[in-house]
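Below is one structure, written out as structure tokens, with a few remarks after it.
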Amino acid sequence: MRYAEVDSSTPVITEVSSRVEDRFCTLRWRWPDGVQAVCIHKAPAEAADSGELPPSGMKLYTREEYKANNGYRDRLDDIGLVAYTVYARLADGTDTLLVRQRDGANRTLVSAGKARIYYSIQQKKSLFGKQKTVHMTITAEVPVSKEVLCYVKKRGGFPASKEDGVLFPFVQDFAAGRNILPPIEIGKEDAVRIFFTDGRKYGLFYELVPE
């Protein structure tokens, strides 16, 4: 399998559209004359197609299947932006050619939504000690890398942002479900809050929700 570049006689995919409903995406497009099958590639939007070889893991889909199903229907188990690319499939003797459209007309972006990360912070003070114990719980809908979150400690009140205090990284990834973290000791006048390490980046994929 290899790419065929577009020229004036190459059949191309056009008018790609998408609709998302109940975590399913339905794709539709205009079929060029003579093309009986396509290959559909699905990937995170930031994973650009920069290689010379066609990407792996594509789905072969025929014109008959398209007519029977009124499009191509796919379950969205991802989060964030997902890119679907529909390649016209051509036969060249014993080889298979996929038409690479560098203008992106055969590609569409779909929002798969955000996964929720719930967090709980409980503080317990001792009667006479100079410290208090903080218990943090992270409940995630999907597995979350430790690089996504951090906690910030501030003296005299709760931090308003990750720059408003002393930032601490987490040392382990978070599994899907409830994650009870080891307790930490802080000063009696200190307070802790959890933030994204990069709100602009990770806010596209996750929603941070206090419990």
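Going by this note's numbering, the letters in the sequence shown line up with residues 184 to 394, in that order.
All residues carry an ideal CB built from backbone N, CA and C; glycine is no exception.
Keep in mind that this is a model prediction, so the values were computed, not measured.
The DSSP-derived three-state label of Arg202 is strand.
Fewer than three beta-carbon pairs drawn from the segment 292-304 and the segment 245-254 are found closer than 8 Å, and the two stretches are therefore not classed as touching. Going by DSSP, Asn362 is part of no alpha helix (DSSP H) but of the beta strand (DSSP E) stretching over 360-363.
Scanning its chain for C-beta atoms nearer than 6 Å, with the 5 sequence neighbours on each side dropped, one finds around Thr291 the residues Val199, Ser201, Tyr267, in chain order. It is roughly 20 Å from the alpha-carbon of Thr322 to the alpha-carbon of Lys345. Bounds of the beta strand (DSSP E) holding Gly370 are 367-370. As DSSP reads the structure, Ala266 sits in a beta bridge with Ala226, Leu292. Taking the C-beta atoms as reference points, Leu210 is found nearer than 8 Å to Tyr255. Per DSSP, Lys313 lies in no alpha helix (DSSP H) segment and is marked neither H nor E.
Per DSSP, Ala251 is one residue of the alpha helix (DSSP H) stretching across 246-252. Remark: C-beta atoms of Leu243 and Ala220 approach each other more closely than 8 Å. Classified as exposed, Leu310 has fewer than 16 neighbouring CB atoms from the shown chains inside 10 Å of its CB. If you ignore the 5 residues before and after Glu394, its C-beta comes within less than 8 Å of the C-beta of Tyr301, Tyr302, Ser303, Thr320, Thr322, all in its own chain and listed in chain order. One Cα belongs to Val265, the other to Phe357, and the distance between them is close to 23 Å. For Arg383, there is no enclosing beta strand (DSSP E); the residue is found in the alpha helix (DSSP H) stretching over 382-385. Exposed is the label assigned to Asp278, since fewer than 16 other Cβ atoms lie within 10 Å of its Cβ.
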